[in-house]
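Single-structure report; data block below.
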Amino acid sequence: MFDLTPQERKSVLFLACIVFIGLTLRLVSKFYTPVKHITSLSLEAFGKIDINTADKELLVSVPGIGNTLAERIIKYREENSGFKALEEMRLIKGITRYRFDKLKEHLIAK
Amino acid sequence: MKKRFMVAFVLFFASGIIGANLLSVSMACKYLLFAVSLASGFLLRKKSGWLEVCILCVAFFFGACLLESAQRVPDCHIRNFYLHTRSPVHVIKGFIIQEPQDSYGGVSFVLRAQELHSETSSRSCCGDILVYVGGKGKYSYGESLLIKGKLQSFSRRGLTHKDKYGAYLYNRGIFLALRALKGSGVVRVHKNQGLLLKRFALYLKEGSARIFSRHTSPITASILKAMVLGEKQGVPKSIYRAMIHTGTVHILVVSGFNVGIVSMLLLCGLKLIRVPRKARFVLCIPFLILYCFITGACAPVVRASILAILLLCAKLAQREADTYVSFALAAFIILLYDPRQLFDVGFQLSFSSVFAILYLYPKFSSFLRSSALKKRYSRYILEAGLVSLAAWTGTVFFIAYHFKVITPVTVFANIAIVPLATLITLCGFTLLTFNFLCPSLILYAALTTELCCYLLVKINLFFAKLPWAQFRI
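Chains as they are written, first to last, in numbering that gives the first Met the number 0: chain A, 0 to 109; chain B, 0 to 472.
This is the structure:
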């Protein structure tokens with residue numbers, strides 16, 4: 000009807016595939032709960048550094064943490080057997096409220 | 000060789016820009032040599048070999064003179080007046096020329112200064128300054144403002160043009176920063192002085208960003224905004240950092256692929272409504288320019304847009320477009336507008352990667368005889384790996400120089416991540432298309448996009464955690 004070229008036919012097929020995959024995901028997520036994590040991304044475990052296991056080099060790679068602050072974090076961790084929650088970082092010298100708000104995007108306390 | 004004389008011309012032009020930056024030769028000397036080359040060209044125009052040599056010399060000295068001209072600050076530049084005033088507080092009137100960005104609890108943007116008022120004097124001025132305004136105020140491109148604050152030269156903050164950030168600002172002609180006073184530091188003049196086309200492009204950009212935010216999760220929306228609209232700010236830092244580790248952060252930059260998709264969508268759409276072939280090509284060009292403005296007119300998009308427009312013009316004129324000549328012409332147009340772009344890392348990476356793919360990939364492919372492979376999927380994987388290797392080879396030097404890092408894992412990561420990024424970009428345009436043409440299907444497109452983003456982030460994290468992913472120099 001529209002005299003489409005092969006490339007245009009592929010485009011229409013691609014759109015149909017997208018709709019089909021989306022439909023499948025919607026149906027599967029109703030019966031299988033873990034699929035909901037795929038269909039709605041959150042940052043809980045994506046790429047954040049675990050402050051309880053990171054070495055100095057890894058901590059320094061986080062924007063806002065220099066050598067001195069990284070040493071203080073490691074020292075606090077050793078003295079207090081790790082961080083129970085990320086908010087404990089506020090007790091470390093040099094971590095202000097503003098800096099903590101920036102750092103918590105990169106860090107997690109497992 | 001004569002067929003690609005344009006390539007040699009642009010190479011000499013770029014060499015002239017580099018030479019002018021490295022060597023300290025007086026401006027008069029550069030212009031004199033330029034004039035001598037031009038005169039020699041006229042005198043020797045009937046001798047073909049000598050004429051070409053003269054044209055290449057003209058290109059070289061033209062590049063040198065152009066850079067000199069771009070680096071010279073005009074007499075009315077605000078930097079000149081700042082040096083002569085000692086007033087701690089200045090009032091500057093100007094308009095916003097760049098889309099404001101969120102920055103450290105406030106907003107920062109580039110302001111084109113028009114008037115400077117201090118305690119002792121008031122005068123008209125020109126030049127761009129970087130402004131920081133604290134608080135949650137909303138500002139937009141083109142808005143005319145009266146800002147009261149403390150003006151500072153970057154050199155006083157320890158930044159010179161040899162530092163990375165200092166060089167970035169210096170190459171954009173920004174030498175001063177203004178921190179607005181709290182409270183009544185900013186007064187709106189209620190007049191918009193921005194380009195109408197750019198304002199319209201930013202309006203479309205905001206509308207598209209709202210569509211992504213409405214139908215997908217925040218992470219997926221931020222990835223879509225980066226890949227489709229060129230807005231990287233919202234991408235979570237942890238994901239961005241992981242992509243830097245694997246050397247795949249280039250997928251978050253709008254590039255020629257996006258321009259190709261926009262061209263294809265436009266041509267398809269115009270064909271569906273029975274627009275004649277030549278008219279389709281002509282109508283595509285202004286939309287490509289609009290898309291260029293939407294994505295912030297960065298070097299990769301401008302390069303790709305120029306290449307696409309040249310290809311469309313070649314089709315209209317029923318002539319064959321030469322890839323290398325078009326590539327050189329795109330570089331020439333960008334450098335003609337702003338020769339300082341040659342020192343911008345985005346420009347260097349964009350052109351070096353594409354040139355390496357164009358030049359090295361056929362050689363790698365013929366060496367390994369990839370076309371002889373019978374199995375389609377193994378041939379695809381090998382060819383994808385060779386393209387990735389070619390691009391990596393072309394960019395490794397620039398990445399090592401600018402970022403002091405080498406990422407060998409990039410060659411392998413690209414094989415998996417680039418096709419996924421391609422799929423995500425296509426899904427992003429699909430979301431926008433469905434929003435207008437078929438809203439009932441948008442939910443399914445959004446779910447598919449979420450799945451693709453999930454796979455992208457997971458695979459990238461896998462490669463980032465490999466022991467030999469990255470080496471710091």
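Virtual Cβ for every residue (Gly too), placed ideally from N, Cα, C.
These numbers were taken from a predicted model, which means no experiment stands behind them.
Which class does B/Phe174 belong to by DSSP, given the choice of helix, strand or coil?
-> strand
Can you have a look at B/Arg213 and say buried or exposed, based on whether 16 or more other CB atoms are within 10 angstroms of its CB?
-> exposed
Any idea what DSSP makes of B/Gly133, helix, strand or coil?
-> strand
Interfacial residues, the stretch 319 to 332 of chain B to chain A, with Cβ spacing under 8 Å | none
Answer with yes or no whether the minimum CB distance from B/Ala208 to chain A is below 8 Å.
-> no
Does any residue of chain C bring its CB to less than 8 Å from the CB of B/Pro235?
-> No chain C appears in the structure shown, which is made up of the protein chains A and B.
With 8 Å set as the bound, which would you pick, yes or no: does the beta-carbon of A/Arg25 sit closer than that to a beta-carbon of chain B?
-> yes
Straight-line CA distance for B/Phe11 to B/Leu425?
-> 39 Å
Going by alpha carbons, who is nearest to B/Leu348 out of B/Val281, B/Leu309, B/Val24 and B/Phe402?
-> B/Phe402
Could you name the residues of chain B that A/Leu22 contacts, counting a contact when the two beta carbons are closer than 7 Å?
-> Tyr443
Thinking B/Ile218 and B/Leu177 are a contact (beta carbons under 8 Å), I'd like their distance in whole angstroms, please.
-> The pair is not a contact, with the Cβ atoms about 34 Å apart (cut-off 8 Å).
State the Cα-Cα distance for the pair B/Phe211 and B/Ala468, rounded to the nearest angstrom.
-> 32 Å
Name, please, each residue of chain A whose Cβ falls closer than 8 Å to the Cβ of B/Leu265.
-> Going along chain A, no residue has its Cβ under 8 Å from B/Leu265, so there is no contact; the nearest lies around 12 Å.
Given that B/Thr429 touches chain A, what residues does it touch there, using C-beta distances under 7 Å?
-> Leu14 and Ile17
Smallest Cα separation from B/Thr421: which of B/Tyr138, B/Thr448 and B/Asn434?
-> B/Thr448
State yes or no: is the beta carbon of A/Tyr97 nearer than 8 Å to at least one beta carbon in chain B?
-> yes
Cβ-based neighbour list, A/Thr67, same chain, cut-off 8 Å, excluding 5 preceding and 5 following = Gly93
So what does DSSP say about B/Gln100, is it helix, strand or coil?
-> strand
Closest Cα partner of B/Ser152 within the set B/Phe80, B/Lys92 and B/Glu98 | B/Phe80
Step through the CB atoms of chain B and report whether any lies within less than 8 Å of the CB of A/Ser10.
-> yes
Alpha carbon to alpha carbon, how far is B/Leu144 from B/Gly184?
-> 10 Å
Where does B/Glu449 sit, in a helix, a strand or coil, going by DSSP?
-> helix
Candidates B/Ser262, B/Val234 and B/Gly62: which alpha carbon is nearest B/Leu251's?
-> B/Val234
Just confirm the distance between the C-beta atoms of B/Leu110 and B/Leu150, as a whole number of angstroms; I'd bet it's less than 8 Å.
-> About 11 Å separates the two Cβ atoms, so there is no contact after all.
Which residues in chain A sit within 8 Å of B/Leu436, going by Cβ to Cβ distance?
-> By Cβ distance, chain A contributes nothing, its closest Cβ being about 10 Å from B/Leu436, past 8 Å.
At a Cβ threshold of 8 Å, is A/Glu70 touching chain B?
-> no
For B/Ser152: DSSP bridge partner residues | B/Leu175
Who are the neighbours of B/Cys426 on chain A, taking C-beta pairs under 9 Å?
-> Ile17
For B/Ser139, the nearest candidate out of B/Gly126, B/Phe108, B/Tyr167 and B/Ala313 (CA to CA) = B/Phe108
What is the DSSP secondary structure of B/His401, reduced to helix, strand or coil?
-> helix
Taking C-beta to C-beta, are B/Arg171 and B/Glu142 nearer than 8 Å?
-> no
Between the stretch 240 to 249 of chain B and the stretch 270 to 281 of chain B, are three or more C-beta pairs nearer than 8 Å?
-> no
Examine the Cβ distances between the stretch 113 to 121 of chain B and the stretch 46 to 66 of chain B and report whether three or more of them are shorter than 8 Å.
-> no
Go ahead and label B/Gly157 buried or exposed: buried means 16 or more other beta carbons lie within 10 angstroms of its beta carbon, across all protein chains shown.
-> Note on B/Gly157: pLDDT 49, under 50, position unreliable in the model; the coordinate value appears next. B/Gly157 is exposed by the Cβ-count criterion.
Looking only at its own chain, which residues have a Cβ that is under 7 Å from the Cβ of B/Lys181, when we skip the five neighbours before and after it?
-> Gly133
Exposed or buried, A/Ile50, counting other C-beta atoms within 10 Å across all chains shown (16 or more means buried)?
-> buried
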